[in-house]
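Each remark here refers to the structure printed beneath this line.
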Amino acid sequence: MSTTAQRSTLPASVPGIASALVWGAGQLINRQAGKAVFFFVFFAGAIGWEMSSGNYYAGMDFTARSNGGFFVKGLWGLFTLGSQPRRMTINGLTEGDNSIVLMANGLIALLTLGLFAVMWIWSIRDAVRYRTKLNLGEDRERSRDYFRRLWDGAFAYIVLSPGLVLIVFMSVLPVLFGILVAFTDYNRDNLPPKNLVSWVGFDNFATILSVPAWTGTFFGVLVWTFVWAIFATASTYAFGFLQAVLLSSRRVKFPRVWRSIFLLPWAVPAIVSALVFRSMFNGQFGPISQFLVDIGLTDERIYWFTDPSMPNLARGVALLINLWLGFPFFMALIGGVLTNIPATYYEAARIDGAGPVHQLRYITLPVVHRTVAPLLILAFVSNFNNFGVIYFLTEGGPDNAGYRFAGSTDLLITWLFKLTLDNRLYNIGAVMSLVIFVIVGTISVWNLNRSKAIREL
Amino acid sequence: MRSKGALAVAAAAALTLAACGGPAEEEEAGSDIEWDAEAQQYVMEEEITSGEASLKVWFEEEHLAEAVIAAFNEEFPDVNVEYELVAKVDAVDKMALAGEAGNGADVYMTVYDRLATAIEDGTAAPLGEYQNVLSERMSETFTGVVSQDGTMYAVPTTTESIALMYNETLLEELTGSPEPAATWEEIVDLAEDYNDPAANQWTIRFLSGEIYYAYSVLSSLGWQAYPHGDIDDPGFDEATLTEGLEYYAGLRDIWNVPSADATWETIEEAFAQGETPYVITGPWSFSTFDPGAEENGFTYGVTTLPAVEGGEPAGSLAGMHVTAVSGYTEYPAAARVFANFMASDAGAAAVYEATGQIPALNEDLLSGIEGIGDDPHVAGIVAQSQQADLLPQVPQYFWETGNTMIVDVWDQLSSVEDAQTKTVDGYAELHGL
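Residue numbers (the numbering used here), protein chains in the order written: chain H, 472 to 928; chain G, 2 to 434.
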């Protein structure tokens, strides 16, 4: 009985603190050797990684920069972005810090530490909880039983965890990197490896706002980007819907042949199509303008993409070409949904005396819309950032004298590209992509939460 | 007691791990490379001359790489040179990544307008003593483009300047003489008869929306970009530019096409088909024009760009392909020897033979290269190159703001004064960032 007495006198915080200091120590106090080993392996791994990658012999000469291991050097790099600039000599670059490499390594170290922290918190919580249960008089549990219980209860999460680690390093890391660049002076005046980049806080945001000419361009381009995204999505959806309904009609002969033909625009890479359209719609030398003049429909050539006095013509043609490129996707998608609508719905409707229009309006449309709604939002987002079509079709033209470095059909993403990458203003580019991210992210999250298909997932 | 024992084991394990060693301290940079004043070249590293290690170079074209390396090995038979194919426009960006990773080239070729970045970020290293060697072999126009603060960062390798190319056969038919026009006024006169916009028949074609092409007109009327060689002052507010732009806008009458519609294909193709008497382009078009001329039965000539009547000779902006030594190279001496070789007699001959591009050397040295003296087309480009203007290392936004200004004027988006004001502001905004 002495063990019971000892158990009841030990407060739950003791193993908790022990596990916080040395992972698994609390479990050992709780007499769960298997668990203790499990947590200690992670602890030893983290410490061992740091020790073996750093130089801890240095003693008093220890500095994070030259002796730190993976984690210490990484975090040091992330906070300082380097302290030793490189110089150019006749022998080449001297040794020194590369801020961008330091930032990337620092982020990797930080995220790895984050994953370790999950294990650390788990080990503390586990030690405290188990001791609390014991203190309440519950039975002991062997480590093996615990892990079995865990395996059964959290199977899905355990299987998903390798994927989570991958997501952290392949998706979260680049996004964080992009966000961090917005707070640095990483641009053409501070290009690594020769120069060090440093943190500048919100200076870049202030810079953008301090150039009024750009604000005007920004809002002009933003409005057109919205118009483009809405019209491009709506038109491809509507036309794809129409085609799918027509193809599913029994009266259409050879539906497979038609479907294959309509899918062709989608099969050709969009960039290639855009370039072909670009030369076809060349106002002066393109065949379409010439044809219209030759048959006498127009007296003069029509400058589709290059007439600054008619920006809406270029915008309209760009939307039409995007329709041609984009409708097959929705046609194929909706065609699939249509085959899944039970024929009994339509039968019942016919018995009730509903005509084809009513069947379309009250059966087909709601069923399709419910399934396709999340994809509509994704299509809106991809049209919002539809770099390829605009950049290769019009290059942003026709030129707009009121804009800075943007034309009348430039989307935010193409303007951003021209302004920042050509000029190597990476920090300003990061700020602007943050803005786009916020806009697009807000709209998507709000809309996806409202769509039934996602809510019922 | 058991738990205490286990704790001790754990602590011991942690200490054992801590005792594992870490990486050594950084190495100090070696001493400077040695200059052999007699041979006028750097003394190459032993690993290279013994053939133990090889030199890595980046070229865009395989035949150029093989020709240059073969010529180099004739002079230095023991040196191993490997090459990889990297596009010139991508080389600088790629170098910043590959150099850091340790698998970059020792020597690479790039385009002159990418060099500013390479100097800024340290991927192009100074040439050291070769600066004096090269200065004697080429004009200041060329060395100036690759220099910053008086230090040369790359070896000018080939030069290209746009020039006026004319269809001799067609001109003889139209004017009775195969001689090209010397002024824009002569071209305008011819255009009055020859132009037929409905059939897309034009007297002259050129890329009208780029300052690189418009510059010849602007300079003929006295404007010079960066008049003081100072990067703060591109000279966009000069009165001579106003005059030049107004004249340039007037040229829209004889080449009445929106700038964005006047694309490369349409310009080159029409000349190659023998439909256009004049075209403004560079030596890169020869490969299209030569077969075109043969097929369509005409001969063409190359001459200096037309001036404005009463104006100065038309200038142009010297374009160049340059060879740079990587800032990451482990063999700085050998890399410089190779880079300098590109501008030596043997190297230049190899470059010319492989690509047909004109080596960036003084005219008297050029004539020593086999074949180059007999090529009348090359002679035209060289003649125009003599009138090319010296530009300091210009930032990318010079082209961006300048091109916007030219487009605004050419497409009549705004008045010349407004276009100039906008350009001055735009340049200042980008410059100030």
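All C-beta atoms in this analysis are idealised placements derived from N, C-alpha and C, irrespective of residue type, glycine included.
All values derive from a computational prediction rather than experimental measurement.
Can you say whether Glu-296 (chain G) is buried or exposed, counting buried as having 16 or more other CB atoms within 10 angstroms of its CB?
-> exposed
Nearest CA to the CA of Thr-152 (chain G): which residue from G:Ala-117, G:Ala-88 and G:Tyr-249?
-> Among G:Ala-117, G:Ala-88 and G:Tyr-249, the Cα nearest to that of Thr-152 (chain G) belongs to G:Ala-117.
Which chain G residues sit within Cβ distance under 8 angstroms of Thr-678 (chain H)?
-> Chain G residues near Thr-678 (chain H): Leu-434.
Quick one: what does DSSP say Ser-387 (chain G) is sitting in, helix, strand or coil?
-> This sequence places Gln at residue 387 (chain G); Ser is not what is there. It is helical.
Cβ of Val-652 (chain H) within 7 angstroms of any heavy atom in the ligand SAM?
-> For the ligand SAM, the structure offers nothing, since it holds no ligand at all.
Taking Cβ positions only, does Asp-409 (chain G) come closer than 8 angstroms to chain H?
-> yes
Residue from H:Phe-798, H:Val-747 and H:Val-508 with nearest C-alpha to Phe-618 (chain H) = H:Val-508
When the Cα atoms are used, what is the spatial distance from Gly-767 (chain H) to Ile-759 (chain H)?
-> 12 angstroms
Excluding sequence positions up to five away, which residues of its chain have a Cβ less than 6 angstroms from the Cβ of Arg-557 (chain H)?
-> Here the set comprises Leu-564, Thr-565, Gly-567, Pro-664 and Lys-665.
Between the Cα of Tyr-353 (chain G) and those of G:Ala-340, G:Asn-363 and G:Leu-367, spot the shortest distance and give me the residue it belongs to.
-> G:Leu-367
How long is the line joining the alpha carbons of Trp-400 (chain G) and Asp-346 (chain G), rounded to whole angstroms?
-> 33 angstroms
Reference Pro-127 (chain G); option with closest CA among H:Thr-560, H:Tyr-628, H:Ser-614 and H:Leu-586 | H:Thr-560
Residues near Gly-553 (chain H) by beta carbon distance below 6 angstroms, same chain, minus five either side = Asp-568, Ser-570, Leu-573 and Leu-667
In terms of alpha-carbon separation, which member of G:Ala-261, G:Tyr-249 and G:Ala-273 lies closest to Gly-878 (chain H)?
-> The option with the nearest alpha carbon to Gly-878 (chain H) is G:Ala-261.
With distances taken from CA atoms, which of H:Thr-913, H:Asn-898 and H:Ser-922 is nearest Leu-662 (chain H)?
-> H:Asn-898
Alpha helix (DSSP H) segments (min. 4 residues) lying fully within the region 660-741 of chain H | 674-681, 683-719 and 726-738
Tell me whether Ser-853 (chain H) sits in a helix, a strand or coil according to DSSP, three-state version.
-> helix
Where does the unbroken beta strand (DSSP E) through Glu-161 (chain G) begin, and where does it stop?
-> 156-161
Residues in its own chain within less than 6 angstroms of Lys-57 (chain G) by CB, not counting five upstream and five downstream?
-> Excluding the 5 residues flanking it on each side, Lys-57 (chain G) has same chain C-beta neighbours closer than 6 angstroms at Glu-83, Ala-106 and Asp-107, in chain order.
Chain G contact for Pro-663 (chain H) (CB, 8 angstroms cutoff) = yes
Give the interface partners of Val-682 (chain H) over in chain G, defined as CB-CB distance under 7 angstroms, in chain order.
-> Glu-430
So the beta strand (DSSP E) Leu-86 (chain G) belongs to, where does it begin and stop?
-> 81-86
With a 10 Å radius around its C-beta and 16 neighbouring C-beta atoms as the bar for buried, classify Arg-620 (chain H) as buried or exposed.
-> Counting Cβ neighbours within 10 Å, Arg-620 (chain H) comes out exposed, since fewer than 16 surround it.
Give, in chain order, every unbroken run of the beta strand (DSSP E) that is at least 3 residues long and sits entirely within the region 260-295 of chain G.
-> 279-282
Excluding sequence positions up to five away, which residues of its chain have a Cβ less than 6 angstroms from the Cβ of Glu-48 (chain G)?
-> Ala-54
Tell me, please, which residues DSSP counts as bridged to Gly-553 (chain H).
-> Bridge partners of Gly-553 (chain H): none, in fact.
Using a cut-off of 9 angstroms between C-beta atoms, extract the partners of Gln-397 (chain G) located in chain H.
-> Arg-659, Asp-893, Asn-894 and Arg-895
Output yes if chain G places a C-beta closer than 8 angstroms to the C-beta of Tyr-601 (chain H); else output no.
-> No - not a single Cβ of chain G is within 8 angstroms of the one on Tyr-601 (chain H).
Compute the beta-carbon to beta-carbon distance between Gly-495 (chain H) and Phe-514 (chain H), rounded to the nearest angstrom, for a pair I have assumed lies under 8 angstroms.
-> Correct: roughly 6 angstroms between the Cβ atoms.
Rounded to whole angstroms, what's the CA-CA distance from Val-652 (chain H) to Thr-885 (chain H)? Just pull it up for me.
-> 19 angstroms
Note the first and the last residue of the continuous alpha helix (DSSP H) segment covering Lys-506 (chain H).
-> 504-524
Neighbour list for Asp-426 (chain G) in chain H, Cβ cutoff strictly below 7 angstroms = For Asp-426 (chain G), the chain H residues whose C-beta falls within less than 7 angstroms of its own C-beta are Ala-684, listed in chain order.
Contact between the region 857-864 of chain H and the region 384-391 of chain G: three or more CB pairs below 8 angstroms?
-> no
Count the other C-beta atoms from every protein chain shown that fall within 10 angstroms of the C-beta of Ser-626 (chain H), then say buried if there are 16 or more, exposed otherwise.
-> Residue identity check: residue 626 (chain H) is Phe in the sequence provided, not Ser. The residue in question, Phe-626 (chain H), is exposed, as its Cβ has fewer than 16 Cβ neighbours within 10 Å.
Taking only beta-carbon atoms, is Ala-598 (chain H) less than 8 angstroms away from chain G?
-> no
Would you say Met-802 (chain H) reaches chain G, if we count a Cβ-Cβ gap shorter than 8 angstroms as a contact?
-> no
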